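There are 2 protein chains.
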Amino acid sequence: MKITIIGGGGLVGQKLARALAARGTLRDQTIDSMVLADVVDPAPVEAPFAVTRTRCDIADRASVDALLAGGTDVIYLLAAIVSGQAEEDLDLGMAINMMGVFNVLESARALGTCPVMVFTSSIAVYGGEVPDPITDHSFLNPQTSYGAQKAIGELLVNDYSRRGLVDGRAFRLPTISVRPGKPNRAASSFMSSIIREPLNGQEAICPVGLDFPHYYLSPKRCVENLILGAELDGAAMGQNRAMMMPGRTWTIGQMIEAMTKVAGPEPARLIRFEDQPEIQRIVKGWRFDLRPEKSLKLGLRADDSFEDNVRYYMQDDLPRS
Amino acid sequence: MKITIIGGGGLVGQKLARALAARGTLRDQTIDSMVLADVVDPAPVEAPFAVTRTRCDIADRASVDALLAGGTDVIYLLAAIVSGQAEEDLDLGMAINMMGVFNVLESARALGTCPVMVFTSSIAVYGGEVPDPITDHSFLNPQTSYGAQKAIGELLVNDYSRRGLVDGRAFRLPTISVRPGKPNRAASSFMSSIIREPLNGQEAICPVGLDFPHYYLSPKRCVENLILGAELDGAAMGQNRAMMMPGRTWTIGQMIEAMTKVAGPEPARLIRFEDQPEIQRIVKGWRFDLRPEKSLKLGLRADDSFEDNVRYYMQDDLPRS
Numbered sequence: 081m082k083i084t085i086i087g088g089g090g091l092v093g094q095k096l097a098r099a100l101a102a103r104g105t106l107r108d109q110t111i112d113s114m115v116l117a118d119v120v121d122p123a124p125v126e127a128p129f130a131v132t133r134t135r136c137d138i139a140d141r142a143s144v145d146a147l148l149a150g151g152t153d154v155i156y157l158l159a160a161i162v163s164g165q166a167e168e169d170l171d172l173g174m175a176i177n178m179m180g181v182f183n184v185l186e187s188a189r190a191l192g193t194c195p196v197m198v199f200t201s202s203i204a205v206y207g208g209e210v211p212d213p214i215t216d217h218s219f220l221n222p223q224t225s226y227g228a229q230k231a232i233g234e235l236l237v238n239d240y241s242r243r244g245l246v247d248g249r250a251f252r253l254p255t256i257s258v259r260p261g262k263p264n265r266a267a268s269s270f271m272s273s274i275i276r277e278p279l280n281g282q283e284a285i286c287p288v289g290l291d292f293p294h295y296y297l298s299p300k301r302c303v304e305n306l307i308l309g310a311e312l313d314g315a316a317m318g319q320n321r322a323m324m325m326p327g328r329t330w331t332i333g334q335m336i337e338a339m340t341k342v343a344g345p346e347p348a349r350l351i352r353f354e355d356q357p358e359i360q361r362i363v364k365g366w367r368f369d370l371r372p373e374k375s376l377k378l379g380l381r382a383d384d385s386f387e388d389n390v391r392y393y394m395q396d397d398l399p400r401s
Numbered sequence: 081m082k083i084t085i086i087g088g089g090g091l092v093g094q095k096l097a098r099a100l101a102a103r104g105t106l107r108d109q110t111i112d113s114m115v116l117a118d119v120v121d122p123a124p125v126e127a128p129f130a131v132t133r134t135r136c137d138i139a140d141r142a143s144v145d146a147l148l149a150g151g152t153d154v155i156y157l158l159a160a161i162v163s164g165q166a167e168e169d170l171d172l173g174m175a176i177n178m179m180g181v182f183n184v185l186e187s188a189r190a191l192g193t194c195p196v197m198v199f200t201s202s203i204a205v206y207g208g209e210v211p212d213p214i215t216d217h218s219f220l221n222p223q224t225s226y227g228a229q230k231a232i233g234e235l236l237v238n239d240y241s242r243r244g245l246v247d248g249r250a251f252r253l254p255t256i257s258v259r260p261g262k263p264n265r266a267a268s269s270f271m272s273s274i275i276r277e278p279l280n281g282q283e284a285i286c287p288v289g290l291d292f293p294h295y296y297l298s299p300k301r302c303v304e305n306l307i308l309g310a311e312l313d314g315a316a317m318g319q320n321r322a323m324m325m326p327g328r329t330w331t332i333g334q335m336i337e338a339m340t341k342v343a344g345p346e347p348a349r350l351i352r353f354e355d356q357p358e359i360q361r362i363v364k365g366w367r368f369d370l371r372p373e374k375s376l377k378l379g380l381r382a383d384d385s386f387e388d389n390v391r392y393y394m395q396d397d398l399p400r401s
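The listed protein sequences correspond, in order, to chains Z and V.
My numbering puts the first residue of the first sequence at 81, with every later residue one more than the last.
My numbering puts the first residue of the second sequence at 81, with every later residue one more than the last.
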């Protein structure tokens with residue numbers, strides 16, 4: 081069993097690689113090797129099998145062909161231009177989030193082995209005129225270029241799967257919180273910063289109000305779902321390989337309360353509220369009343385409480401002084 | 081007012097061009113010139129304004145740039161690889177139905193004038209797991225590559241419109257019947273042949289049974305809707321520029337009955353029923369319980385009866401001996 085993680089240098093890619101290393105198996109087979117590919121060299125991951133780290137630019141078909149030249153059993157396609165940046169730079173977003181997915185599918189098709197492909201879409205595909213609640217059968221009416229590009233990726237993964245060219249599955253990730261590391265250019269970046277920075281003893285800015293609701297999942301549970309996602313039987317997914325990954329809806333107020341319960345009252349005092357209209361314009365178009373029936377039925381799981389999200393961050397990711 | 085019709089050599093393109101020539105205006109402006117572009121030279125159309133006929137391959141960005149180099153106020157993008165052929169040849173379908181739309185949008189964006197763009201999608205975007213009836217808010221779960229490619233085109237038109245790069249609108253065409261001319265490689269080709277060939281005194285094969293229901297629109301009404309579609313105010317379409325074009329559901333039996341009412345009992349005797357599993361596999365995945373609320377509200381119209389469809393064919397298209 082050979083696994084290729086495209087976007088293997090990112091937060092989710094690294095955590096996934098470590099989880100697979102700890103596990104040693106996927107789809108009831110022993111993992112023999114893993115390739116971590118990204119636009120910059122991915123950090124090393126210790127594993128009981130060979131781990132190769134390499135660069136790949138999915139906007140370039142030849143680069144993807146080179147990556148997959150030796151064949152692969154499972155492809156995780158996690159690489160993307162995040163929402164804020166894709167909104168600022170349409171060309172870059174199209175090159176990576178649309179053409180990149182197309183290139184990976186075409187390279188995988190050329191293998192002729194129908195590899196499993198796990199694609200991370202996003203709840204940013206929802207929005208616009210569609211009434212709440214969002215169900216498995218709701219129209220995708222994204223209101224960002226990132227959301228549109230992710231919806232296109234889903235259609236491609238579905239069609240290439242229907243044709244038997246890949247054994248694809250696409251999961252619309254909730255916003256991941258608490259993300260470790262530094263803020264990024266996603267419009268959702270603050271949804272981790274307001275917990276992470278205070279827990280690290282630093283100030284954080286919250287660009288929306290306490291009552292802003294959103295749909296979240298911890299990195300830990302996301303990785304568990306991505307592993308289960310690769311193990312699902314294609315036939316069990318029916319005629320639509322794209323589905324929500326389960327999350328839960330919390331307001332900023334509830335998140336801060338959970339942090340206070342777990343870590344005491346000090347961190348919350350480091351949050352400064354400062355309205356940011358450009359961020360608000362994007363995130364207020366996102367949906368939070370989501371009903372992920374299909375994925376729950378297939379065994380994927382949300383977090384039990386946001387306190388868990390805080391605990392996972394403190395256990396797994398809090399910088400040690 | 082300059083109009084560019086890409087796919088201007090096709091059935092709908094030619095009828096649209098003639099209707100615009102007869103009208104002389106669009107969006108309350110006098111039409112000064114019209115360009116008919118297609119992969120082969122479009123047939124001439126007489127008009128009270130200049131009509132240029134030219135070749136254009138939308139799979140080639142430079143070819144589209146050359147077409148739009150002089151600017152344009154309205155683009156009709158009707159060109160496509162039809163369903164049966166797109167299913168046989170994935171590469172060609174992707175090149176025209178996905179990359180072709182992307183190329184036209186990028187060329188239009190480069191104009192910097194935000195031209196109106198009318199894109200013909202298809203009810204083939206519907207299918208799969210989505211429950212009936214199909215509403216304006218139903219998930220697109222196409223079960224053909226053609227349907228997937230059209231759904232991608234819609235997402236692109238929507239996003240480029242949201243960004244103010246084009247003033248787009250996309251209409252999911254019902255199956256057009258009665259189409260004049262020869263059978264084509266669309267899986268739906270028989271849905272015109274079984275009426276057209278008998279009215280022309282020729283035999284026709286029907287690959288499905290009398291009770292097969294489908295969703296239809298006459299070419300005449302389709303052209304009227306495409307003209308109205310270009311005239312709609314962008315703001316009136318809200319956050320989703322893609323919608324169904326209204327049609328009506330008829331069974332093969334009802335269509336033949338309508339033909340008999342209009343043209344007498346002779347034509348129906350020329351239809352031979354012969355099950356064709358490959359055609360059936362495609363067309364039975366298509367939906368026919370459609371509720372085009374949004375477009376009806378915006379003023380688009382279906383035919384009043386299939387007898388009208390038969391009459392339109394006999395008046396406008398029946399070959400004169």
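We put the CB at the ideal spot given by N, CA and C, even for glycine.
Since we're looking at a predicted model, the values are computed, not measured.
Unbroken beta strand (DSSP E) run spanning residue i, endpoints
i, result
"G365 of chain V", "First-last for G365 of chain V: undefined, no H or E at that position."
"I285 of chain V", "284-286"
"R135 of chain V", "130-135"
"F251 of chain V", "247-253"
Alpha helix (DSSP H) segment containing residue i, residue limits
i, result
"I111 of chain Z", "Premise fails: I111 of chain Z is in no alpha helix (DSSP H) and is neither H nor E."
"P299 of chain Z", "299-311"
"L157 of chain Z", "Unbroken run through L157 of chain Z is the beta strand (DSSP E), 154-157; no alpha helix (DSSP H)."
For residue i, three-class secondary structure by DSSP
i, result
"F219 of chain V", "coil"
"P357 of chain V", "helix"
"Y206 of chain V", "coil"
"M323 of chain V", "strand"
"S201 of chain Z", "strand"
"P278 of chain Z", "helix"
"P347 of chain V", "helix"
"I332 of chain V", "helix"
"K82 of chain Z", "strand"
"V237 of chain Z", "helix"
"A117 of chain V", "strand"
Cβ neighbour criterion (16 or more within 10 Å) applied to residue i
i, result
"A159 of chain V", "buried"
"K451 of chain V", "The requested residue 451 of chain V does not occur in the structure, where chain V is confined to residues 81 to 401."
"E168 of chain V", "exposed"
"V120 of chain V", "exposed"
"T110 of chain V", "exposed"
"D384 of chain Z", "exposed"
"D153 of chain Z", "buried"
"D313 of chain Z", "exposed"
Residue-level contact to chain V via CB, residue i, 7 Å cutoff
i, result
"Q395 of chain Z", "no"
"A266 of chain Z", "no"
"V210 of chain Z", "yes"
"N221 of chain Z", "yes"
"L235 of chain Z", "yes"
"D239 of chain Z", "yes"
"S201 of chain Z", "no"
Close beta carbons around residue i, own chain, < 6 Å, minus the five adjacent residues each side
i, result
"R243 of chain V", "none"
"G227 of chain V", "A204, V205"
"R367 of chain V", "Y206, I214"
"S272 of chain Z", "S257, V258, R259"
"V196 of chain Z", "V154, D247, A310"
"E234 of chain Z", "S201, A250, A322"
Chain Z within 7 Å of residue i, Cβ atoms only
i, result
"I138 of chain V", "no"
"I161 of chain V", "no"
"G318 of chain V", "yes"
"A102 of chain V", "no"
"I176 of chain V", "no"
"A123 of chain V", "no"
"I275 of chain V", "no"
Same chain, Cβ closer than 8 Å to residue i, five either side skipped, listed in chain order
i, result
"R381 of chain Z", "R301, E304, N305, P326"
"T340 of chain V", "P347, A348"
"F270 of chain Z", "P263, A284, I285, C286, P287, V288, I359"
Any non-hydrogen atom of the ligand PLP closer than 6 Å to residue i Cβ
i, result
"L158 of chain V", "Looking at this structure, you won't find the ligand PLP or any other ligand, since it has none at all."
Same chain, Cβ closer than 7 Å to residue i, neighbours up to 5 away in sequence not counted
i, result
"R98 of chain V", "V125"
"E209 of chain V", "N221"
"D137 of chain V", "V119, S143"
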